[in-house]
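**Student:** Before anything else, here's the structure in question.
Numbering (the UniProt record's numbering), first residue to last: 1 to 547.
Structure representation (structure tokens):
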């Protein structure tokens, strides 16, 4: 019989079991009808056995009542007619119930399962199991089949080696031992609630994912993208509650889920996962805010939750018009890794209709302000600690390098946005002056941004032009920048004179340093330093008088 069952066919919305015998029971599961045989199903399912037994008990009773009505209708007296009429009225509700289950003897039974867990596909697999056909269990179908076994009461109490025991064994021995398979099973449970929750499948899958997230390879992290928001939150909450889950594992889960579920999160991620659900704009906004809420409270490692990822989240938050709290949290997180950001990361377009500039300069200025506040707190913490002077210098060096990196990034950003005709001089100057002096070793970068700004804004007033040029420290320009500035017609005359003065001063210092270098190295260092300082002071006085 099992070999013939494999040739079951679907005709429209009906499924027929071609065993060579006419079907004697019809099941209606959602919009699909299954024409099957009662004895294989009754042998495995206690629920089907009970329902068919009740219908069988009703059929002979209806036959006897029909025969009684035929005998009574043959009598011609009035009492007999009245009695037959009463009998027919009493039998009318029962006839209506029997009509839904099959009319007349020899007709197939009919059973409807409108709320069958897993739908017609799961019922078909359960029916094949009843016929003895091999059903391959997978991480995707084990939870629906376990719920179907519970719904149909296919337990060991009714038959040995039944579907419920098979599904439980596969779930425990195969699925829950790998977080990727547990994620797939958890996804299938989203359509099986609350039955899957009552059976403990959801909680077991969540705990399996959390327990094995650190020890397993990262190849399964992309599977998290198939989860809905509710299941994702449960997984992240379970991982946070465990003390043996590494922070890097939580960050990897967060990044994989965000990239798989939020379209356009990263410019470099053109391809989304095919299995990821397509969400509406409102759902994407909810997903993004949930991802932001899942970010670690401490500073991220930078290996997984990178600056590129954080700025991509921030850009998407602007597009989706996320809440102010979510955007503020992202700005503060991005500030902690600002030194790792590239220019394309901080070029966040202005998506607000009221914004005048092409890029959101205010957002970058807030991020720089958060970065400086963080650096200031770090500096106070290091200075308050009782450490030796050598250790203090070693601690300060990385901070100085980070500050220089941010200075270069801000200068490149200023050069990029300087050509925007709607960028006000005050906003340009505020961002340029927001960094401390030690953030720029040379001012060539900010000078380049100023030159671009003056070229793009030829109608500035003299006061605005002086203010824009004032952000450049002429003493920190290289020889090449000084040469260019001395010939720059867009600069005010006072700025050109300052450039010429400091250019000459640099040349005189270089010449003085060469002349004062000891030929044989016998002169004391103190005397050479004193003569060099005296020469520099005299040169400075001569230059001032010349100007």
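For every residue, glycine included, the Cβ atom is placed at its ideal position computed from N, Cα and C.
Can residue 609 and residue 350 be called in contact, C-beta distance under 9 Å?
**Tutor:** In the structure displayed, the chain extends from 1 to 547; residue 609 sits before or after that span and is not available.
**Student:** Excluding the five sequence neighbours on either side, which residues of its own chain have a C-beta within less than 6 Å of the C-beta of residue 481, listed in chain order?
**Tutor:** Counting only Cβ-Cβ distances below 6 Å, and skipping sequence neighbours, we find 444, 447.
**Student:** By DSSP's criteria, residue 111 is part of a beta bridge. Which residues make up the other side?
**Tutor:** In DSSP, residue 111 forms a bridge with 27.
**Student:** Evaluate residue 331 with the Cβ neighbour count: other Cβ atoms within 10 Å of its Cβ, from every protein chain shown; 16 or more gives buried, anything less gives exposed.
**Tutor:** By the neighbour-count rule (16 or more Cβ atoms within 10 Å), residue 331 is buried.
**Student:** Output the residue ranges of the beta strand (DSSP E) runs that lie fully inside the segment 300-372 and measure 3 residues or longer, sorted by chain position.
**Tutor:** Listed in chain order, nothing qualifies, since the segment 300-372 has no complete beta strand (DSSP E) run of 3 or more residues.
**Student:** Can the beta-carbon of residue 406 be found closer than 9 Å to that of residue 428?
**Tutor:** For residue 406 and residue 428, no; Cβs fall outside 9 Å.
**Student:** Please state the DSSP three-state secondary structure of residue 122.
**Tutor:** Residue state, collapsed to three classes: helix.
**Student:** Does the separation of the CB atoms of residue 425 and residue 460 fall below 9 Å?
**Tutor:** Yes, the pair counts as a contact, with Cβ atoms nearer than the cut-off.
**Student:** How many angstroms separate the CA atom of residue 413 from the CA atom of residue 347?
**Tutor:** Approximately 8 Å between the Cα atoms of the pair.
**Student:** Return the first residue and the last residue of the alpha helix (DSSP H) that residue 145 is part of.
**Tutor:** Residues 142-152.
**Student:** Return yes when the Cβ of residue 167 is within less than 9 Å of the Cβ of residue 45, no when it is not.
**Tutor:** No, the pair does not count as a contact, with Cβ atoms beyond the cut-off.
**Student:** Measure the Cβ-Cβ separation of residue 468 and residue 417 and say whether it is below 9 Å.
**Tutor:** Going by C-beta atoms, residue 468 is not nearer than 9 Å to residue 417.
**Student:** Can you list, in chain order, the residues of its chain whose CB lies under 6 Å from that of residue 308, leaving out five sequence neighbours each side?
**Tutor:** Here the set comprises 345.
**Student:** What runs of the alpha helix (DSSP H), each 4 residues or longer, lie entirely inside the segment 462-497?
**Tutor:** You should have 462-469, 479-486.
**Student:** When the Cβ atoms of the segment 137-149 are set against those of the segment 169-188, are three or more pairs found closer than 8 Å?
**Tutor:** Result yes; three or more Cβ-Cβ pairs closer than 8 Å.
**Student:** Taking the alpha helix (DSSP H) that residue 427 falls in, what are its first and last residues?
**Tutor:** Counting along the chain, the alpha helix (DSSP H) containing residue 427 begins and ends at 425-432.
**Student:** Any idea what DSSP makes of residue 183, helix, strand or coil?
**Tutor:** Correct three-state label for residue 183: helix.
**Student:** Alpha helix (DSSP H) containing residue 288: first to last residue?
**Tutor:** Its alpha helix (DSSP H) spans residues 281-294.
**Student:** With burial defined as no fewer than 16 other Cβ atoms inside 10 Å of the residue's Cβ, what is the status of residue 401: buried or exposed?
**Tutor:** Exposed, by the Cβ-count rule.
**Student:** Helix, strand or coil: which one does DSSP assign to residue 40?
**Tutor:** Helix, per DSSP.
**Student:** What runs of the alpha helix (DSSP H), each 4 residues or longer, lie entirely inside the segment 219-258?
**Tutor:** With a minimum length of 4 residues, the continuous alpha helix (DSSP H) runs that stay inside the segment 219-258 are 229-241.
**Student:** Run through DSSP, which three-state label would residue 213 get?
**Tutor:** DSSP places residue 213 in coil when its eight states are reduced to three.
**Student:** What does the alpha-carbon distance come out to for the pair residue 553 and residue 352?
**Tutor:** Since the displayed the chain opens at 1 and closes at 547, residue 553 lies outside it and no answer follows.
**Student:** If you run the structure through DSSP and keep just helix, strand and coil, what is residue 438?
**Tutor:** Three-state DSSP puts residue 438 in a helix.
**Student:** Between the alpha carbons of residue 29 and residue 123, how many angstroms are there, rounded?
**Tutor:** Each residue's alpha carbon lies about 8 Å from the other.
**Student:** Pick helix, strand or coil for residue 262, following the three-state DSSP scheme.
**Tutor:** It is coil, neither helix nor strand.
**Student:** Select from 479, 471, 456 the residue whose C-alpha is nearest the C-alpha of residue 490.
**Tutor:** The shortest C-alpha separation from residue 490 is found at 456.
**Student:** Rounded to a whole number of angstroms, what is the C-alpha to C-alpha distance between residue 367 and residue 434?
**Tutor:** Spanning the two alpha carbons is a distance of roughly 11 Å.
**Student:** With H, G and I counted as helix, E and B as strand and the rest as coil, what does DSSP make of residue 116?
**Tutor:** Three-state DSSP puts residue 116 in coil, outside helix and strand.
**Student:** To the nearest angstrom, how far is the alpha carbon of residue 280 from that of residue 300?
**Tutor:** Distance between the alpha carbons of residue 280 and residue 300 is about 29 Å.
**Student:** Mapping DSSP to helix, strand and coil, what is residue 53?
**Tutor:** In this structure, residue 53 counts as helix in the three-state DSSP scheme.
**Student:** Ends of the alpha helix (DSSP H) at residue 170?
**Tutor:** Counting along the chain, the alpha helix (DSSP H) containing residue 170 begins and ends at 163-173.
**Student:** On a CA-only basis, which of 262, 475, 251 is nearest residue 322? Give me that one, please.
**Tutor:** Minimum Cα distance to residue 322 is reached at 262.
**Student:** Would you identify the three-state DSSP class for residue 202, choosing helix, strand or coil?
**Tutor:** Residue 202 falls in the helix class under three-state DSSP.
**Student:** Within the same chain, show all residues whose beta-carbon is closer than 7 Å to that of residue 182, passing over the 5 residues directly before and after it, in chain order.
**Tutor:** So the list reads 175, 176, 205, 208, 209, once near-sequence residues are dropped.
**Student:** Please look up how many angstroms separate the CB atoms of residue 409 and residue 341, rounded, as I've assumed it's under 8 Å.
**Tutor:** About 6 Å separates the two Cβ atoms, so the contact holds.
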